[in-house]
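Asker: Going line by line, the protein sequences match chains G and B.
Numbering follows our numbering, with no gaps: position 55 of the first sequence is 55.
Numbering follows our numbering, with no gaps: position 26 of the second sequence is 417.
Built from N, CA and C at the ideal position, the CB exists for glycine as well.
Mind having a look at this structure? Questions to follow.
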Amino acid sequence: MTRSRVVVVGAGAAGWSTVEALRRFGFDGRITVLSDEVHLPYDRPPLSKQVLSGEWEPGRAQLASAHRIAEADVEWALGVTAAALHSADRLVVTVDGRPYPYDELVIATGVRARRLPVLARDALVLRTLDDCVALRERLRTARSLVVLGAGFLGLEVAATALARGVAVTVIDPQRHPLADRLGSAAASSLVAQHRSRGVRVLTGTAVCQTQRVAERDFWLLRLSDDTTISADLVLVAAGSVPAVEWLAGTSLEVDDGVLCDSEGRAAPHVWAVGDVARWYRPDLGQHVRFEHRTSAVEQGQAVARAICGAPATGRAIPFFWTDQFDLKIQVWGSTSSAADVDVVFGDPGGPAYVAVFHDGDVASPTGVLAWNAAGPSRPYREALVRERSTA
Amino acid sequence: MNIQVDADKCIASGACAQVCPEVFDLDDEGVIVVLDAAPPAELRAKVEEAAAACPAAVIEVHDQSRV
């Protein structure tokens, strides 16, 4: 009798969570993980923080110890890029032509950093561990860095680079970056924190033209306000696009990610998890793609449960965080849909506060934001959990 | 079962204490506190679920015999 085989394409948090959960829920067949990166599963959030700053060696970002990796009993195909999916034959074929037959396929290829048409290839991006090590190396000698994009990644890199003594300019076409993620008050405070520490933040500004002065090793950027700035390094942190090229021509529905049902099923015996996946959300009546560390884990576990026939569990409270300078900002639940915001601890603009997002009743929160206040936010987060479980 | 945590990596999400309050609590700054580093076997599934739910991969669960 042949053992059944799960093939996971992608070795990030979503792929690894699927593997880890498959074993936990008793899957004793073969597991093969294909990844176009050569590294064992590692965590991405530290790449713009501890690993980039040099505080951690890259190995510290690994998602599992050697012991756990061995226990998971996985056939690792690292540095191997999937090129095609033949779902009728249940086969993944790699760029070098090798076939990987599967009984169940889990697509966890994540996203790629978005490139900007206005920039030549030489601009840096930060998505992978190799990107991080390359940027870290360049920051050793760079005097100035321009970051294009004032999202979490761009601002985290700005904070890290500034601490390394690099002059940093952040440019974003949006007038109020991150307002949709943090609410407008916290988003403005965060930008203000950057400015007060010496980061130049240009909002509502686009880059119109770029020139790489190769012989003198710097960039000239002409901006939408008709000014020109120069920089030793340019990092593009302008979001990302799902890594789905290898799925072209398949029966899978691909539209800003792999469309799945509410359990992560993209087609019979094909699942998708993490940043690349757009699961149907019955409560929202639409397919949604989340680039959240916690969502990656949750989806990996849900698909592992489904493959193993284990009962499904409810969704956890969404959570994301960012660490910049000495600030830790955390958000549980949703800040975007709420009608009201009440500050329940500390003062906005002060060193620490907690804001509760709600629809008229502060005791029934939809979201909780902690600004350097993980401890004090606890009862409000617990209220959020209670609210969710009784909803 | 034996639990090892790398508290320096903790990002204070509180997920562990939410999933398995019998074994995990949080300090005043929201950082993980292990209440019982060798909990009874019947908590295994919950402890493993908490380890998996941690967004910073702080918690590892080992079989006692292997540690």
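Taking Cβ-Cβ distances shorter than 8 Å, what residues in chain G pair up with residue 416 of chain B?
Answerer: Sequence index remark: in the second sequence, residue 416 of chain B carries index 25 (1-based). Against chain G, the beta carbon of residue 416 of chain B has no neighbour under 8 Å; the closest one sits roughly 10 Å away.
Asker: In angstroms with no decimal places, state the Cα-to-Cα distance between residue 37 of chain G and residue 76 of chain G.
Answerer: Here residue 37 of chain G refers to the residue found at position 37 of the first sequence. Here residue 76 of chain G refers to the residue found at position 76 of the first sequence. Spanning the two alpha carbons is a distance of roughly 11 Å.
Asker: Using a C-beta cutoff of 7 Å, does residue 335 of chain G count as contacting chain B?
Answerer: Counted from its first residue, the first sequence places residue 335 of chain G at position 335. Output row for residue 335 of chain G: interface = no.
Asker: So, residue 384 of chain G versus residue 314 of chain G, is the Cβ gap smaller than 7 Å?
Answerer: Counting from 1 along the first sequence, the entry for residue 384 of chain G is found at position 384. Counting from 1 along the first sequence, the entry for residue 314 of chain G is found at position 314. Their beta carbons are not under 7 Å apart, which means residue 384 of chain G does not touch residue 314 of chain G by this criterion.
Asker: Suppose the cutoff is 6 Å on Cβ atoms and the five residues either side in sequence are ignored; what does the same chain contact list for residue 404 of chain B look like?
Answerer: Counting from 1 along the second sequence, the entry for residue 404 of chain B is found at position 13. Answer for residue 404 of chain B: 446, listed in chain order.
Asker: Closer than 7 Å by beta-carbon distance: list the chain B residues that pair up with residue 20 of chain G, in chain order.
Answerer: Position 20 of the first sequence holds residue 20 of chain G. Going along chain B in sequence order, the residues near residue 20 of chain G (Cβ under 7 Å) are 443.
Asker: Given a cut-off of 7 Å on the beta-carbon distance, is the pair residue 310 of chain G and residue 27 of chain G in contact?
Answerer: Numbered from 1 along the first sequence, position 310 holds the residue referred to as residue 310 of chain G. Numbered from 1 along the first sequence, position 27 holds the residue referred to as residue 27 of chain G. Not in contact: residue 310 of chain G and residue 27 of chain G (Cβ atoms no closer than 7 Å).
Asker: Thinking just about the alpha-carbon of each residue, which of G/104, G/51, G/378, G/147 is nearest to the one in residue 22 of chain G?
Answerer: Taking the first sequence and counting its residues from 1, the one referred to as residue 22 of chain G is at position 22. Considering only alpha carbons, the answer is G/104.
Asker: Under 7 Å, do residue 200 of chain G and residue 169 of chain G count as touching if we go by C-beta distance?
Answerer: Along the first sequence, read from residue 1 onward, the residue named residue 200 of chain G stands at position 200. Along the first sequence, read from residue 1 onward, the residue named residue 169 of chain G stands at position 169. Contact: yes.
Asker: Quick one: using the 10 Å Cβ neighbour count with 16 as the cut-off for buried, is residue 95 of chain G buried or exposed?
Answerer: Along the first sequence, read from residue 1 onward, the residue named residue 95 of chain G stands at position 95. With fewer than 16 Cβ atoms within 10 Å of its Cβ, residue 95 of chain G is classed as exposed.
Asker: Return helix, strand or coil for residue 1 of chain G, following the three-state DSSP convention.
Answerer: As a working note, residue 1 of chain G is residue 1 in the first sequence. Per-residue confidence for residue 1 of chain G stands at a pLDDT of 45, beneath the threshold of 50, marking its modelled position as unreliable; the derived number appears in the next sentence. Here residue 1 of chain G sits in coil by DSSP.
Asker: Please check the pair residue 407 of chain B and residue 428 of chain B, which I expect to be a contact at CB under 8 Å, by giving their CB distance rounded to whole angstroms.
Answerer: Locating residue 407 of chain B in the second sequence gives position 16, where the first residue counts as 1. Locating residue 428 of chain B in the second sequence gives position 37, where the first residue counts as 1. The Cβ separation is near 13 Å, so there is no contact.
Asker: Go to residue 153 of chain G, then tell me how far its alpha helix (DSSP H) extends in each direction, as first and last residue.
Answerer: Counted from its first residue, the first sequence places residue 153 of chain G at position 153. Here the alpha helix (DSSP H) through residue 153 of chain G covers 152-163.
Asker: Starting from residue 51 of chain G, follow the alpha helix (DSSP H) in both directions and report where the run begins and ends.
Answerer: The sequence position of residue 51 of chain G within the first sequence is 51, counting from 1. Unbroken alpha helix (DSSP H) run through residue 51 of chain G: 50-53.
Asker: Taking 7 Å as the cut-off, decide whether the C-beta atoms of residue 424 of chain B and residue 418 of chain B are in contact.
Answerer: By one-based count along the second sequence, residue 424 of chain B stands at place 33. By one-based count along the second sequence, residue 418 of chain B stands at place 27. Between residue 424 of chain B and residue 418 of chain B, the gap from beta carbon to beta carbon is short of 7 Å.
Asker: What does the alpha-carbon distance come out to for the pair residue 360 of chain G and residue 401 of chain B?
Answerer: Position 360 of the first sequence, counted from the start, is the residue given in the question as residue 360 of chain G. Position 10 of the second sequence, counted from the start, is the residue given in the question as residue 401 of chain B. When rounded, the distance between both Cα atoms is 33 Å.
Asker: Please give me, in chain order, every unbroken run of the alpha helix (DSSP H) with length at least 4 that falls completely inside the segment 53-85 of chain G.
Answerer: 66-72
Asker: For the segment 402-426 of chain B, enumerate the residues whose C-beta is nearer than 8 Å to any C-beta of chain G, in chain order.
Answerer: Hits within the stretch, in order: 402, 403, 404, 405, 406, 409, 417, 418, 419, 420, 421, 422.
Asker: Counting only beta-carbon separations shorter than 7 Å, does residue 394 of chain G have a partner in chain B?
Answerer: Given that chain G is displayed from residue 1 to residue 391, the structure contains no residue 394 of chain G and the question cannot be resolved.
Asker: Apply the 10 Å Cβ neighbour rule to residue 63 of chain G and answer buried if 16 or more other Cβ atoms are within range, or exposed otherwise.
Answerer: Residue mapping note: residue 63 of chain G aligns to position 63 of the first sequence, counting from 1. Buried is the call here.
Asker: Could you confirm whether any beta carbon from chain B is found closer than 7 Å to the beta carbon of residue 375 of chain G?
Answerer: Within the first sequence, numbered from 1, the residue matching residue 375 of chain G stands at position 375. Yes, because at least one Cβ of chain B sits closer than 7 Å to the Cβ of residue 375 of chain G.
Asker: Indicate the three-state DSSP secondary structure (helix, strand or coil) for residue 435 of chain B in the structure shown.
Answerer: For the purposes of this step, residue 435 of chain B is identified with residue 44 of the second sequence, where counting begins at 1. Note: residue 435 of chain B maps to helix in three-state DSSP.
Asker: Throw me the rounded Cβ distance for the residue 110 of chain G and residue 12 of chain G pair, which I believe falls under 8 Å.
Answerer: As a working note, residue 110 of chain G is residue 110 in the first sequence. As a working note, residue 12 of chain G is residue 12 in the first sequence. That pair is a contact at about 5 Å.
Asker: Kindly identify the DSSP beta-bridge partner or partners of residue 451 of chain B.
Answerer: For the purposes of this step, residue 451 of chain B is taken as residue 60 along the second sequence, with counting starting at 1. Looking at the DSSP assignment, residue 451 of chain B forms a beta bridge with B/395.
Asker: Taking 7 Å as the CB-CB cut-off, is residue 400 of chain G touching chain B?
Answerer: Chain G is shown from 1 up to 391; residue 400 of chain G falls before or after that span and cannot be answered.
Asker: Any beta-carbon of chain B closer than 7 Å to the one on residue 5 of chain G?
Answerer: Locating residue 5 of chain G in the first sequence gives position 5, counting from the first residue. Not closer than 7 Å to any Cβ of chain B, the Cβ of residue 5 of chain G fails to qualify, so no.
Asker: Between residue 431 of chain B and chain G, is the shortest Cβ-Cβ distance under 7 Å, so that the two count as touching?
Answerer: Within the second sequence, the letter at position 40 stands for residue 431 of chain B. It does not: the Cβ of residue 431 of chain B has no partner Cβ on chain G nearer than 7 Å.
Asker: From residue 231 of chain G to residue 143 of chain G, what distance separates their C-alpha atoms?
Answerer: Along the first sequence, read from residue 1 onward, the residue named residue 231 of chain G stands at position 231. Along the first sequence, read from residue 1 onward, the residue named residue 143 of chain G stands at position 143. If I take the Cα positions, the gap works out to 8 Å.
Asker: Output needed for residue 345 of chain G: all residues of its chain with C-beta closer than 7 Å, excluding positions within five of it in sequence on either side, in chain order.
Answerer: Looking up residue 345 of chain G in the first sequence gives position 345. Shown here for residue 345 of chain G: same chain residues with a beta carbon closer than 7 Å to its own, the five before and five after excluded, namely 353, 354, 373, 376 in chain order.
Asker: Would you tell me roughly how many angstroms separate the C-alpha atoms of residue 221 of chain G and residue 146 of chain G, rounded to the nearest one?
Answerer: Position 221 of the first sequence holds residue 221 of chain G. Position 146 of the first sequence holds residue 146 of chain G. Near 9 Å, if we compare the C-alpha coordinates of residue 146 of chain G and residue 221 of chain G.
Asker: So if I threshold CB-CB distances at 7 Å, which residues from the segment 290-311 of chain G count as touching chain B?
Answerer: 293, 294, 297, 301
Asker: Which of the three DSSP states, helix, strand or coil, is assigned to residue 144 of chain G?
Answerer: Counting from 1 along the first sequence, the entry for residue 144 of chain G is found at position 144. In the three-state reduction of the DSSP assignment, residue 144 of chain G falls in the strand class, which pools E and B.
Asker: Could you spell out the range, first to last residue, of the alpha helix (DSSP H) harbouring residue 301 of chain G?
Answerer: Here residue 301 of chain G refers to the residue found at position 301 of the first sequence. That run of the alpha helix (DSSP H) goes 293-308.
Asker: Listed from N- to C-terminal order along the chain, which residues in the segment 15-49 of chain G have their beta-carbon within a distance smaller than 7 Å of any beta-carbon of chain B?
Answerer: 17, 20, 21, 24, 43
Asker: Cutting at 6 Å between CB atoms, please list the residues of its own chain near residue 450 of chain B, excluding the five before and the five after it.
Answerer: For the purposes of this step, residue 450 of chain B is taken as residue 59 along the second sequence, with counting starting at 1. These residues qualify, in order along the chain: 396, 442.
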